[in-house]
Amino acid sequence: ESPFYATGGGQVADTGLLALGGWELPVLEVTRRGSRLCHRVALPAGLSREALIAELGALPLEARVDAGRRQAIARAHTATHLLHAALHAVVGEEATQAGSWVGPDSLRFDFNHYRALRVEELVAVEQQVGEWVLANLPVRHETLPIAAAMARGAMALFGEKYGEEVRVVSVGEVSLELCGGTHLVASGAIGQLLITAEGSVASGVRRLEALTGLAAQRAGSLSRRTLSALAQRLHVAPEQAEESLADLIEERQRLRRDLEALRAAQAAARSEELLAPAGSFGGIAVLRGELKAEQPKELRRLADSLRGKLNGALAVLLAEAGGKSSFLLLVPDGLAAAGLHAGRLAEQVAQRLGGRGGGSATLAQAGLSGPEQFAAVLAALGETLAAQAGGES
6 ESPFYATGGG QVADTGLLAL GGWELPVLEV TRRGSRLCHR VALPAGLSRE
56 ALIAELGALP LEARVDAGRR QAIARAHTAT HLLHAALHAV VGEEATQAGS
106 WVGPDSLRFD FNHYRALRVE ELVAVEQQVG EWVLANLPVR HETLPIAAAM
156 ARGAMALFGE KYGEEVRVVS VGEVSLELCG GTHLVASGAI GQLLITAEGS
206 VASGVRRLEA LTGLAAQRAG SLSRRTLSAL AQRLHVAPEQ AEESLADLIE
256 ERQRLRRDLE ALRAAQAAAR SEELLAPAGS FGGIAVLRGE LKAEQPKELR
306 RLADSLRGKL NGALAVLLAE AGGKSSFLLL VPDGLAAAGL HAGRLAEQVA
356 QRLGGRGGGS ATLAQAGLSG PEQFAAVLAA LGETLAAQAG GES
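Numbering (the working numbering) for the sequence shown: 6 to 398.
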């Protein structure tokens with residue numbers, strides 16, 4: 006016998022205290038093992054496990070359940086039943102329960118559905134639960150033979166095993182479910198249900214997360230303050246904040262595209278200055294140059310902007326971006342068609358310097374320890390091209 010509710014049916018266990026003589030033992034978890042309830046407690050300083058076991062039969066034991074926490078769990082559990090009923094009303098009866106978790110003023114509800122719920126559906130579900138909360142519907146429970154419970158239309162969790170007799174929990178005329186958890190006396194004590202998240206947990210299974218009671222009120226208040234502050238920063242009314250923010254994001258994306266186009270145009274305009282002859286190696290004319298960018302991903306775009314200025318020559322470029330140095334090889338289509346592969350060439354040059362590199366047939370890259378290593382790159386490139394030419398002859 007214990008007044009503590011054990012973890013089960015998706016609901017967390019009660020917590021509280023066990024008073025034994027002059028000791029108070031915080032109850033951390035309660036689980037069921039067969040017909041027994043097991044209470045996991047924290048031992049206070051000065052009380053050993055052996056002494057506790059010795060005193061259990063000799064001293065009276067008083068159990069004190071944390072009533073406030075139990076009430077918060079009951080709010081969330083009764084709200085879970087109403088959430089299930091509201092999903093049936095708004096989405097359809099195919100939105101059947103696939104699992105749940107119920108804690109103090111917090112819940113997760115998994116249900117079978119083939120798509121994400123639309124915003125208007127989430128609003129409708131939340132409003133429907135709100136109407137039932139305001140109606141202060143009575144919550145009743147009774148024990149019935151399972152056949153009688155099912156005949157009355159009680160909802161059962163698919164795959165769950167039930168005995169010959171089951172506990173049936175009803176909320177007004179809107180919900181009737183098989184359930185062994187703790188519940189309120191009436192739905193009005195839920196206070197408020199606030200849906201905080203909707204997402205997928207598996208193929209064909211969606212999850213709603215929600216808050217109840219004071220947790221819902223605090224979260225709602227925080228959301229309103231955040232919206233009000235955002236609206237003030239945007240100099241619009243709160244109901245216009247979403248549209249105004251979307252416009253700002255779109256404008257930012259447009260400006261970013263314009264800036265990238267401007268940088269590309271500037272790079273193309275400077276391409277005559279960027280490239281300078283570096284000599285001829287193995288019968289291949291080589292140009293050298295330098296590229297600088299804020300982000301590494303911009304380097305390849307800038308390199309491509311130089312392709313029209315190669316005039317059949319191979320270009321080797323010192324590249325600096327994000328505080329890191331590298332070199333790029335740019336091979337024109339004509340040389341690539343003749344068998345010169347930028348990726349393999351960059352790999353061979355990098356190996357001579359103790360590094361690694363690679364890329365496509367026309368564009369490749371390899372890392373450098375610093376810009377001062379570029380002279381060694383030019384020398385290694387010349388040696389590699391000369392060696393290749395010697396091998397072909």
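Beta carbons are placed, not taken as given, at the ideal position from N, Cα and C, and that holds for glycine.
Short of 6 Å from the beta carbon of A24, and not among the five residues preceding or following it, lie these beta carbons of its own chain, in chain order: E67.
Under the DSSP assignment, S175 falls in the beta strand (DSSP E) whose first and last residues are 170-176.
In the structure shown, the three-state DSSP call for F9 is coil.
L264 and T101 have their C-alpha atoms some 51 Å from each other.
With at least 16 other beta carbons inside 10 angstroms of its own, I289 counts as buried. Within the same chain, and ignoring the five residues on either side of L42 in sequence, the residues whose Cβ sits closer than 8 Å to its Cβ are S7, F9, A11, V35, T36.
The beta carbon of S331 sits closer than 7 Å to the beta carbons of A324, Q370, A371, G372, L373 from its chain, once the five residues preceding and following it are set aside; these are given in chain order.
Secondary structure within the stretch 49-73: the alpha helix (DSSP H) runs of 4 or more consecutive residues, fully enclosed, are 54-61 (chain order). Here G196 is actually not in contact with L142; their C-beta atoms are around 14 Å apart, not less than 8 Å. Separation of the CB atoms of L87 and S180 is rounded to 6 Å, and the pair is thereby assigned contact status at 8 Å. With distances taken between CA atoms, G51 lies nearest to W28 out of A152, V95, W28, N316. Taken through DSSP and simplified to helix, strand or coil, A207 comes out as strand.
Note that the C-beta distance between G362 and A355 is below 9 Å. Excluding five sequence positions before and after A191, the CB atoms of its chain that fall closer than 7 Å to its own CB belong to N141, L142, P143, V144, given in chain order. Contact fails between the stretch 207-222 and the stretch 164-175, because fewer than three Cβ pairs, one in each stretch, are under 8 Å apart.
Only exposed fits T148, as fewer than 16 other CB atoms lie within 10 angstroms of its CB. Residue ranges of uninterrupted beta strand (DSSP E) with 3 or more members, entirely inside the stretch 266-345 and ordered along the chain, are 281-286, 289-298, 319-326, 329-335.
Taking the Cα positions, E131 is about 13 Å away from H93.
Per DSSP, the continuous beta strand (DSSP E) segment holding R45 begins and ends at 41-46. Residue pairing by DSSP places A371 opposite F332, G362 in a beta bridge. Separation of F379 and E255 (C-alpha to C-alpha, rounded to the nearest whole angstrom) is 41 Å.
The stretch 332-340 and the stretch 313-323 touch, with three or more beta-carbon pairs separated by less than 8 Å.
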